[in-house]
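Residue 614 in this note's numbering sits at position 23 of the sequence shown; the count goes up by one each step and never skips. Where a beta carbon is used, it is the ideal one built from N, C-alpha and C, also for glycine. No experiment lies behind these values; they were computed from the predicted model shown.
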Amino acid sequence: MRTEVLLRKLITRLAFVVIALLTVLAPAQIASAHAILLTSEPAPSAVLDESPTEIALFFNEFVDTVFGKIRILDSAGNVVQTVKPIRDAANHTIVRAPISTLANGTYVVVWRVASDDSHPVQGSFSFQIGNKSTVISATAQYQVLERHGLARLFDVIRWVTYLGVVLLIGGIGLLQAVRTDRLSPRSTLALIGGWAFAALGTLEGLIAYGPHVSGYKIYKAVDLSLLWETLTTQYGKMQLARLVLLGIIGALIAVIQFRGTWWWKFGAWVSLVGVTLTLSLAGHPVVTNPVVLSVGLDMLHLLAVSLWVGPLLIIVYDRNMWLATDESTSAPSLQWFSRTAGFAVPVIVLTGTLQAWLMLDGFGQILDSRYGRTLIVKVCLVVVLIALGAMSRKAMQRKQSGSLRQSMGIEVLFGLIILALTSTLVAMPPKGTIEPAPLSSTSFQGKMIVELSLTSARVGQSEVHILVAMADGSLIQVDSATARMSMPARNIPNGPIALQETRPNHFSGVTEFAYSGEWVVEILIKQTASSTTLFKIAVDIKK
592 MRTEVLLRKL ITRLAFVVIA LLTVLAPAQI ASAHAILLTS EPAPSAVLDE
642 SPTEIALFFN EFVDTVFGKI RILDSAGNVV QTVKPIRDAA NHTIVRAPIS
692 TLANGTYVVV WRVASDDSHP VQGSFSFQIG NKSTVISATA QYQVLERHGL
742 ARLFDVIRWV TYLGVVLLIG GIGLLQAVRT DRLSPRSTLA LIGGWAFAAL
792 GTLEGLIAYG PHVSGYKIYK AVDLSLLWET LTTQYGKMQL ARLVLLGIIG
842 ALIAVIQFRG TWWWKFGAWV SLVGVTLTLS LAGHPVVTNP VVLSVGLDML
892 HLLAVSLWVG PLLIIVYDRN MWLATDESTS APSLQWFSRT AGFAVPVIVL
942 TGTLQAWLML DGFGQILDSR YGRTLIVKVC LVVVLIALGA MSRKAMQRKQ
992 SGSLRQSMGI EVLFGLIILA LTSTLVAMPP KGTIEPAPLS STSFQGKMIV
1042 ELSLTSARVG QSEVHILVAM ADGSLIQVDS ATARMSMPAR NIPNGPIALQ
1092 ETRPNHFSGV TEFAYSGEWV VEILIKQTAS STTLFKIAVD IKK
């Protein structure tokens, strides 16, 4: 008995540690990218002789442009053009948008589309027309991306939907296995509540998706044109299909007294499996190769979680589930739950591990993304939940009802936390970056020193800062500075980095790194008409 008390205290303390880790490792910031922009036309920091006729974006995976938008800002931050991008007919990883003629000057392109897994993707880059450039610092402030105004709301919507689906699947499994002539009011209410949560979350997601992906506020949800466009997307089709399936399940719940018949079982479980399929086809599995395997693993994972957590919620909520038909045995609901959990847990561990392996391309860089770090926290919580389950099983075998109720109550709490964490994981890019990784490198040529600084040494956009001085730290007279970069390993030739002198001997610009690996930045410092010094600096760009 003393050992069991100590074990319970240990698990409780471990729970607090895990929750603390959740706060530290999984901050509330929302990751902003799933598809990655590889390059564009015009290229980032390009200097053009004349105005381009279109903006072309090249991504690493398919994107959706139903709610896409491209804005072109001038050097003062004013929007000069807003155009709707269209996917290239031959290649859905390419987005094109025809634009009107632009005057000479520096411009910022702010783009927004949807990743193929239904999540918003956005970014920006600058380019220049003509030789007269604008101070880059004047445009850099307008390169701040639009925030996902409804991102937090969607976390709640997903949590409500998952909770409803888990209650439905687990509740129907439990109430079908533990047969009684009539369901208790609490079990009936729990099942109806699960159906209502799933239906409400699905309907809210359908209505709010258009404003969410478009970057609008929630009041735009009343715009029926956005709802109609949502129905043309993969996400919208899956939400609509789920509502139809939930309608069938609702009709079957209304006649649940027939749950022992073959037609009721067939209709219920086909519909429930269909519901899990709609969730998988509107998330990460559709962009994870191989897609069929990823979707299958995701469905099995959700079904196993539902058959573990769903019955647990109902058993804790409904006291009638604790009643035993014989004093020498445990309640039938507890016996069924114990057997089912013993089967579900290994399936959850196996499918979750394989799915994470596919999404992250192995576990070698699991700490390089917020998704991976949050996944580690989730795994820790699941470990705690499994330990609590083992304690519950031991208490059930010893018929210690007080300890059993306590441990199962804590299990419910952790189950709800894990569902909430899952709802945020769905919105995170598995291979997204954690945060900008600054880089600074110094190069000497004779008595001259050049310091190169990047605000982010990762794939994507980065500000470039170049400081020129003498080796002793004193400033020298510099006529001009130009820069270019190349990637020999991929045969990418030198491309210009547009620079502007923001203060004496300090030059700034913005560039885009399309790939990870070693890039070579060449900096040409012109002191006089006849004196130019070349500096070559190799920089390691991470994913």
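Of the residues the options, the one placed nearest residue i, counting alpha carbons only
| i | options | result |
| --- | --- | --- |
| K660 | A1080, A667 and R687 | R687 |
| V1130 | E795, V864, G1108 and G1037 | G1108 |
| M1019 | T965, A1048, M1061 and E1042 | T965 |
| K808 | L958, L744 and I1116 | L744 |
| I906 | S1121, V699 and R777 | R777 |
| A1072 | R1081, I1083, P1079 and I1088 | I1088 |
| W1110 | K1133, V846, S706 and L894 | K1133 |
| P643 | K828, S1031, F653 and Y698 | Y698 |
| V882 | D1070, A1105, E1113 and L949 | L949 |
| Q672 | N651, W702 and F649 | W702 |
| L925 | L891, R984 and T692 | R984 |
| I1040 | G943, A637 and K1127 | K1127 |
| W860 | T879, L872, I839 and S871 | I839 |
| F1035 | L831, R662, V654 and E1113 | E1113 |
| T879 | S1121, F653, P633 and A634 | F653 |
Which of helix, strand or coil DSSP assigns to residue i
| i | result |
| --- | --- |
| Y800 | helix |
| S1053 | strand |
| Q672 | strand |
| L638 | Before going further, note that residue 638 is Val rather than Leu in the sequence given. Reduced to three states, the DSSP call for V638 is strand. |
| S871 | helix |
| I1040 | strand |
| T1033 | strand |
| A1060 | strand |
| S983 | helix |
| F716 | strand |
| Q1068 | coil |
| G721 | coil |
| S631 | strand |
| P876 | helix |
| S775 | coil |
| T1093 | strand |
| R1194 | Nothing about residue 1194 can be read from this structure; the chain reaches only from 592 to 1134. |
| S1099 | strand |
| I1045 | The identity of residue 1045 in the sequence shown is Leu, whereas the question assumes Ile. L1045: strand per DSSP, three-state reduction. |
| R964 | helix |
| P1021 | coil |
| R850 | coil |
Close beta carbons around residue i, own chain, < 7 Å, minus the five adjacent residues each side
| i | result |
| --- | --- |
| V896 | V757 and I939 |
| I1083 | S1077 |
| R833 | T793, V866 and T869 |
| Y908 | R777 and A781 |
| A768 | W927 |
| E820 | V657, F658 and G801 |
Span of the alpha helix (DSSP H) around residue i
| i | result |
| --- | --- |
| Q956 | Q956 -> no alpha helix (DSSP H), and no H or E assigned at all. |
| S885 | V882 to Y908 |
| F745 | A742 to A768 |
| T821 | L815 to T821 |
| A832 | Q825 to A845 |
Close beta carbons around residue i, own chain, < 8 Å, minus the five adjacent residues each side
| i | result |
| --- | --- |
| V1017 | R749, G874 and H875 |
| F928 | L765, P902, L903 and I906 |
| I783 | I844 |
Contact set for residue i: own chain, Cβ-Cβ below 6 Å, skip 5 residues either direction
| i | result |
| --- | --- |
| S1044 | S1031 and H1056 |
| I1001 | L979 |
| G740 | Unreliable placement is indicated for G740, whose pLDDT of 49 sits below 50; the coordinate value is still reported in the next sentence. K808. |
| L888 | T942, L945 and Q946 |
| G761 | S897, L898, G901 and P902 |
| L836 | S862, G865 and V866 |
Limits of the unbroken beta strand (DSSP E) element including residue i
| i | result |
| --- | --- |
| M1076 | S1071 to M1078 |
| D1131 | S1122 to I1132 |
| E1109 | G1108 to T1119 |
| N1085 | I1083 to I1088 |
| D655 | V654 to L664 |
| V700 | G696 to S706 |
| V686 | I685 to P689 |
| A1105 | Here A1105 belongs to no beta strand (DSSP E), and DSSP marks it neither H nor E. |
| L648 | E645 to F650 |
With a cut-off of 8 Å, do at least 3 Cβ pairs link the segment 712-722 to the segment 860-869?
no
I want to know whether the segment 950-957 touches the segment 1002-1012 - three or more CB-CB distances under 8 Å.
Cβ pair count under 8 Å is below three, so no.
Using a Cβ distance threshold of 8 Å, determine whether the segment 672-684 contacts the segment 846-855, with at least three qualifying pairs required.
no
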